[in-house]
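Worksheet: the structure to be examined is printed underneath.
Residue numbers (the working numbering): -6 to 261.
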């Protein structure tokens, strides 16, 4: 669900949370209900944000539908959902996608989950450490893993869940990307990385090495972004260290990590 949101004097093409495919009505529950309640309240139709669609939410939806000239049935299908999302984006262009008010955890389903998945995939064009996700609206282990990577790269608490800080950072990162001014990463020092190391920190290092190599046209090999610190990654680290005047020991300690993060940010 694309939308043009104006920020800093220009138009940025952003994506709004899509309709999850299930009509929300009295008795519904979940993150998408929380999004409806949050958006209604922000637009002047107060509803308790608890993720449970009861009589109060129904009344607020009916009032919104009446004022927007929509079919007044008190339920949220695609037309009402899209009108809510677009209304919020128009009212709050600086941060045009509301946090749904509920933490997204494994097992969550719906349009808000699809939004997280699709935004993650779009961010991969810049932040290649992010894993590709199926945009299926089901928040499983793959989605949680991608959010742990995102949280690591942007210096957030790493829990694989999408709370307010992670949600709003995701929105800001995509807005900046759409404006052609990607946000710098700020991952914490993960400790010593060396041949045989594995995991998300290695994956980030490989991503940064590959992008720095591409931007600078260096001769050292581009490592696969797979989270496994093998021979090629070690060779890339040595080549990078030589290029910036560090001791070429093939280890990623605190100095190499700090230099590498700065070098990657300089490519953005």
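In this text, a Cβ means the ideal position worked out from N, Cα and C, and glycines have one as well.
Since the model is a prediction, treat every value here as computed from it, not as a measurement.
Which residues share a DSSP beta bridge with residue i?
{"i": "residue 29", "result": "Answer is none; residue 29 lacks a bridge partner."}
{"i": "residue 17", "result": "69"}
{"i": "residue 221", "result": "191"}
{"i": "residue 245", "result": "186"}
{"i": "residue 22", "result": "45"}
{"i": "residue 254", "result": "Beta-bridge pairing links residue 254 to no other residue."}
{"i": "residue 155", "result": "97"}
Are residue i and residue j touching if we call contact CB-CB under 8 Å?
{"i": "residue 197", "j": "residue 145", "result": "yes"}
{"i": "residue 12", "j": "residue 26", "result": "no"}
{"i": "residue 310", "j": "residue 239", "result": "Missing from the structure shown is residue 310; the chain here goes from -6 to 261 and no further."}
{"i": "residue 143", "j": "residue 205", "result": "no"}
{"i": "residue 107", "j": "residue 9", "result": "no"}
{"i": "residue 167", "j": "residue 115", "result": "yes"}
{"i": "residue 199", "j": "residue 181", "result": "no"}
{"i": "residue 97", "j": "residue 29", "result": "no"}
{"i": "residue 163", "j": "residue 109", "result": "yes"}
{"i": "residue 99", "j": "residue 76", "result": "no"}
{"i": "residue 215", "j": "residue 194", "result": "no"}
{"i": "residue 7", "j": "residue 89", "result": "yes"}
{"i": "residue 55", "j": "residue 70", "result": "no"}
{"i": "residue 201", "j": "residue 155", "result": "no"}
Mind reading off the beta-carbon distance from residue i to residue j? Whole number of angstroms is fine, and I expect it under 8 Å.
{"i": "residue 42", "j": "residue 104", "result": "Not really, about 16 Å apart at Cβ, beyond 8 Å."}
{"i": "residue 40", "j": "residue 91", "result": "Contact doesn't hold; Cβ gap of about 12 Å is too wide."}
{"i": "residue 175", "j": "residue 261", "result": "4 Å"}
{"i": "residue 57", "j": "residue 81", "result": "Wrong, their Cβ atoms sit about 11 Å apart, outside the cutoff."}
{"i": "residue 138", "j": "residue 148", "result": "Actually they are not in contact, since the Cβ atoms of residue 138 and residue 148 sit about 18 Å apart, beyond 8 Å."}
{"i": "residue 213", "j": "residue 233", "result": "7 Å"}
{"i": "residue 101", "j": "residue 132", "result": "4 Å"}
{"i": "residue 247", "j": "residue 211", "result": "Not confirmed; about 22 Å, so no contact."}
Exercise for review: Kindly confirm or deny that the stretch 182 to 201 and the stretch 218 to 236 touch, where touching means at least three C-beta pairs closer than 8 Å.
Suggested key: With contact defined as three or more Cβ pairs closer than 8 Å, the stretch 182 to 201 and the stretch 218 to 236 are in contact.
Exercise for review: Could you tell me whether the stretch 72 to 86 touches the stretch 107 to 127, using the rule of 3 or more Cβ pairs below 8 Å?
Suggested key: At 8 Å Cβ cutoff, the stretches do not touch.
Exercise for review: May I ask you to verify whether the stretch 46 to 66 touches the stretch 16 to 30, counting CB pairs closer than 8 Å and requiring at least 3?
Suggested key: A contact is defined here as three or more CB-CB pairs under 8 Å, and the stretch 46 to 66 meets this definition with respect to the stretch 16 to 30.
Check your understanding: If you scan the stretch 32 to 119 from start to end, which runs of the alpha helix (DSSP H) of 4 or more residues do you find wholly inside it?
Key -> Runs found: 48 to 61, 71 to 84 and 104 to 116.
Exercise for review: Report the residue ranges of all beta strand (DSSP E) runs contained in full by the stretch 121 to 177; include only those spanning at least 3 residues, in chain order.
Suggested key: Look at the stretch 121 to 177 and you find no whole run of beta strand (DSSP E) that is 3 residues long or longer.
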